[in-house]
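Here's the structure, in C-alpha cells; my notes come after.
Residue numbers (the numbering used here), protein chains in the order written: chain A, 57 to 373; chain B, 95 to 408.
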C-alpha cells in the first residue's frame, strides 16, 4: 500500500526515522479516513461555534434577539452591548436597551486583572527559577529530600489551602487588596519549580563550567548563562502562569469585596448576577464575556505554538 | 556572595569525587543553594505547608470567620457523617465526576488518536485547545446563553426539530449532566493534547509492522495504541479527576447549587458553609479534609489499577 502512494512527499521525507515517515505519506482516502476527518471537523465546529455565537449575540440588540434567536448573523446590529459592558452607556440608555442599568467599571477590572496576573507571573517565575536552579545544578546536602517535599506539594488540592490562606491574608490585613489576591501564588508553586528544574537539568554542564572557570560565581552563572539558555522554557512557564492567574475565580472571590480589588472573572459573575432573571441582557452579557476572554485569546493567537507544545510536558508531573 | 569565592573548587566536584577535600564535598554548594532556595521555601512553607497543617487542625476546632475556636475533637466529623446536605453534595459531585471524566476522556482519546493517525496540523491542535484558554466563568456564560430556554441556540434547534424546549440548568436531573458537558467543552482539547503527547511516545514502526501484517486501524488501536498508552492514560486520569472533583466556578456562576441542591457540589457547599451560611470554618475544613482523603484514595487506587508507572511492553 505504501509503495503505491502517489504522493511526492514520499521522496522529500525518506524513511530516515522509520517512526515518522509512514505517517506523513499521503494514503488513499478510505471510508475510515473520511469518517475520521468528519469527526475531527465536528469537534472543531463544536469548539468554535460558542465563540462565534458569543460575538454574534454581543453585536445584536436585546429587542431584536427574540425575533431571530437562531439567526446566524447579529440581529439588530449594534455596539450598545459593548457600551453597556464597558460602562459607557448611561443608566437610561442601558435600561432602554434591556440592560440592568447597573454600572460596571470595566477598565478598572481589566487593570486589576493585569496587575494581579503580572505580579504573580513575574515573581513566581523568578523565585521558582532560583529554586529550580538550586535543585538542578547545585550540590548540597538534603537537596533531594527538600525537592521531594516540594513535589509532594503538587498533591495538595488547592481547595485545601483556601480557608487557612484566607485567614492568613485577613490577619495580614490584605483582604480586598490586589496583593492579597496575588500573594499565595506569587512566590512559588511546586509545579513551576518542577517544570523549570527539568529544563535546567538539560542545559549542558560544559558551558556553565567554562563560565565558572572564567571566575563567574553562582549568581552570575544563573543570570548570564542558565536563565538566557532556558529562556524558551521560562517564557512558556510565564505564559501558563499568566493564564492561570488571569482565569482564577474562587480565590479572588474569597479575597475581593469591592471594586478596588475586583478582577475580570469576578466582575463577569457580578454582571451576570445583576442581569434580570426573566429577560437577561444577553447582548451586554456576551459583550462583557467577549471582552473578558479577549486578552487570553489574543495571547493564545500570539503564542499558540509555544502553548500547544507545552501541554504534553505540563500535564504529566 | 561567599559562594562565589570558593566556586572554582567546587566545579570540579562532580568529576573528581575522590580528590575533592572531604569537607568541601559534603557541603557542596550549600551557601549559594540556601540563597537560591530561600524565597521559594518561604513561599512553600507559608502558603502551602503551613495552611495544609492548619487546615487539618481547623477541622478539629469550632473556628469561625470571626473568632479563633477551640479544640472540639471529632465533633465536626460527626456532624459531617449526619449531614444529609453533605452526602447529597458528595453524591452530586461523584455523579458529576463520572459524567465529566467519562465523556471527556473518551472524546479526548478519540480526538487524539484521530489526530495521531491523520494529521500533524498545529492549527487543528490550536483550535481544539482554544476553550482551555478562557476561564470557567467565560465558559459558563457562553453556555448559559447557548442553552437558554427562550433564546438559546440549542433550544432553537431543538424546537425547530419539533421537540420540547429543555431547561438545561433549571431541571434537577439535567443540571449536573449539563455542567459536566460545559466543562467537557472547556477541557477536552487540553486532555486530548495530553493523550496526543502520550501517543507520540509510541514508536511509529509498530504501526508500520502492523500494517505489513494486514492489521486494521481498529486492531492496531486495540493491540498497539491502548497497551502502550495505558500507563500514560492512568496519569492523565489522575490529574483530570483531581481537577474534576474540585468543580466550583461553573456552579457558582450558572446555578449557585440549584435547583434545590441538585448541583450543590462539595466544593460549593464548603464555600457556602465557610462564607455565606454561618461562616463555620471548622466544619468547612472538616469537609475539605474529607475531600482530600477521597482524592488521595482515588489517586492511589487508580495508580495501582492502571499500573501507571509501567507499560505492558516494558
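Using N, Cα and C, we set each Cβ at its ideal position, and we do this for glycine too.
Taking the C-alpha atoms as reference points, what is the distance between residue i and residue j?
i             : j             : result
residue 122/B : residue 244/A : 25 Å
residue 288/A : residue 277/B : 30 Å
residue 350/A : residue 210/B : 30 Å
residue 345/A : residue 254/B : 27 Å
residue 315/B : residue 310/A : 46 Å
residue 274/A : residue 192/A : 13 Å
residue 273/B : residue 109/A : 19 Å
residue 338/A : residue 391/B : 43 Å
residue 290/B : residue 89/A  : 18 Å
residue 364/A : residue 218/B : 10 Å
residue 334/B : residue 319/B : 21 Å
residue 346/B : residue 229/B : 13 Å
residue 397/B : residue 134/A : 54 Å
residue 265/B : residue 292/B : 39 Å
residue 277/A : residue 271/A : 10 Å
residue 340/B : residue 332/B : 13 Å
residue 141/A : residue 178/B : 41 Å
residue 138/A : residue 114/A : 7 Å
residue 125/A : residue 300/B : 51 Å
residue 317/B : residue 336/A : 52 Å
residue 194/A : residue 137/B : 20 Å
residue 196/A : residue 127/B : 7 Å
residue 246/B : residue 235/B : 12 Å
residue 366/A : residue 324/B : 21 Å
residue 388/A : residue 185/A : Nothing about residue 388/A can be read from this structure; chain A reaches only from 57 to 373.
residue 360/A : residue 283/B : 13 Å
residue 145/B : residue 208/A : 14 Å
residue 143/A : residue 224/B : 28 Å
residue 170/B : residue 153/B : 7 Å
Roughly how far, in whole angstroms, is the beta-carbon of residue i from the beta-carbon of residue j, given that I think they are within contact range, below 8 Å?
i             : j             : result
residue 234/A : residue 317/A : 5 Å
residue 259/A : residue 286/A : 6 Å
residue 252/A : residue 323/A : Not confirmed; about 33 Å, so no contact.
residue 356/B : residue 269/B : 5 Å
residue 210/A : residue 246/A : 5 Å
residue 342/B : residue 159/B : So it is not a contact: roughly 18 Å between Cβ atoms.
residue 296/A : residue 290/A : At roughly 11 Å, the Cβ-Cβ gap does not stay under 8 Å, so residue 296/A and residue 290/A are not in contact.
residue 320/A : residue 169/A : 4 Å
residue 336/B : residue 213/A : 6 Å
residue 263/B : residue 400/B : No, residue 263/B and residue 400/B are not in contact; Cβ-Cβ is about 34 Å, not under 8 Å.
residue 239/B : residue 342/A : 6 Å
residue 177/A : residue 305/A : Between residue 305/A and residue 177/A the Cβ distance is about 18 Å, and since that is not below 8 Å, they are no contact.
Which chain A residues are close to residue i, counting only those with a beta carbon under 9 Å from its beta carbon?
i             : result
residue 323/B : The contacting residues do not exist; residue 323/B stays about 12 Å from chain A at best.
residue 161/B : Per Cβ cutoff of 9 Å: no residues; residue 161/B is ~11 Å from chain A at best.
residue 336/B : 211, 213
residue 179/B : Ordered by position in chain A, no residue passes the 9 Å Cβ test against residue 179/B, which lies about 18 Å from the chain.
residue 208/B : 92, 93, 95, 96, 99
Which residues does DSSP pair with residue i in a beta bridge?
i             : result
residue 165/B : 155/B
For a contact defined as C-beta to C-beta under 7 Å, what are the partners of residue i on chain B?
i             : result
residue 349/A : 228, 232
residue 360/A : 220
residue 103/A : 221, 222, 224, 225, 283
residue 403/A : With chain A covering 57 to 373 only, the question about residue 403/A has no answer from this structure.
Could you list which residues in chain B have their beta carbon closer than 8 Å to that of residue i, in chain order?
i             : result
residue 100/A : 218, 221, 222
residue 197/A : 120, 121, 122, 124
residue 217/A : 141, 142, 145, 146, 149
residue 113/A : 239
What does residue i reach in chain A if we use C-beta pairs closer than 8 Å?
i             : result
residue 131/B : 186, 187, 190, 191, 202
residue 137/B : 183, 242, 243, 244
residue 244/B : 122, 125
residue 169/B : Per Cβ cutoff of 8 Å: no residues; residue 169/B is ~17 Å from chain A at best.
Mind listing the chain B neighbours of residue i? Cutoff is C-beta to C-beta under 9 Å, in chain order.
i             : result
residue 364/A : 216, 219, 220, 223, 287
residue 342/A : 235, 236, 239
For residue i, which residues in chain A fall below 7 Å Cβ to Cβ?
i             : result
residue 148/B : 220
residue 343/B : 305, 306
Output needed in chain order: residues of the stretch 382-403 of chain B with a Cβ under 9 Å from some Cβ in chain A.
Hits within the stretch, in order: 382, 383, 385, 386, 389, 390, 393.
Members of the stretch 258-287 of chain B that neighbour chain A once the beta carbon cut-off is set at 9 Å:
Flagged, chain order: 279, 282, 283, 284, 285, 286, 287.
Of the residues that make up the stretch 299-322 of chain A, which ones have a beta carbon closer than 9 Å to any beta carbon in chain B?
For the stretch 299-322 of chain A, which is checked against every Cβ of chain B, the residues closer than 9 Å are 299, 302, 303, 304, 305, 306, 309, 310, 320, 321, 322.
Mind checking the stretch 126-145 of chain A against chain E and listing, in chain order, the residues whose C-beta falls within less than 7 Å of any C-beta there?
No chain E appears in the structure shown, which is made up of the protein chains A and B.
Check each residue of the stretch 183-201 of chain B: if its Cβ is closer than 8 Å to any Cβ of chain A, include it; give the result in chain order.
Closer than 8 Å at the C-beta level to chain A, one finds these residues of the stretch 183-201 of chain B: 201.
Interface residues of the stretch 276-289 of chain A facing chain B [CB-CB below 7 Å]
Going along the stretch 276-289 of chain A in chain order, one finds no residue with a Cβ nearer than 7 Å to chain B.
Got a sec: which bits of the stretch 348-381 of chain B sit with their beta carbon under 8 Å from any beta carbon on chain A, in order along the chain?
The residues in question are 361, 364, 365, 368, 369, 375, 378, 379.
Compile a chain-ordered list of the residues in the stretch 246-262 of chain A whose CB is closer than 8 Å to at least one CB of chain B.
Within the stretch 246-262 of chain A, the qualifying residues are 246, 249, 261.
Can you give me, in chain order, the residues of the stretch 303-320 of chain B that have a beta carbon less than 8 Å from any beta carbon in chain A?
Taking 8 Å as the Cβ-Cβ cut-off against chain A, the residues of the stretch 303-320 of chain B that qualify are 305, 311.
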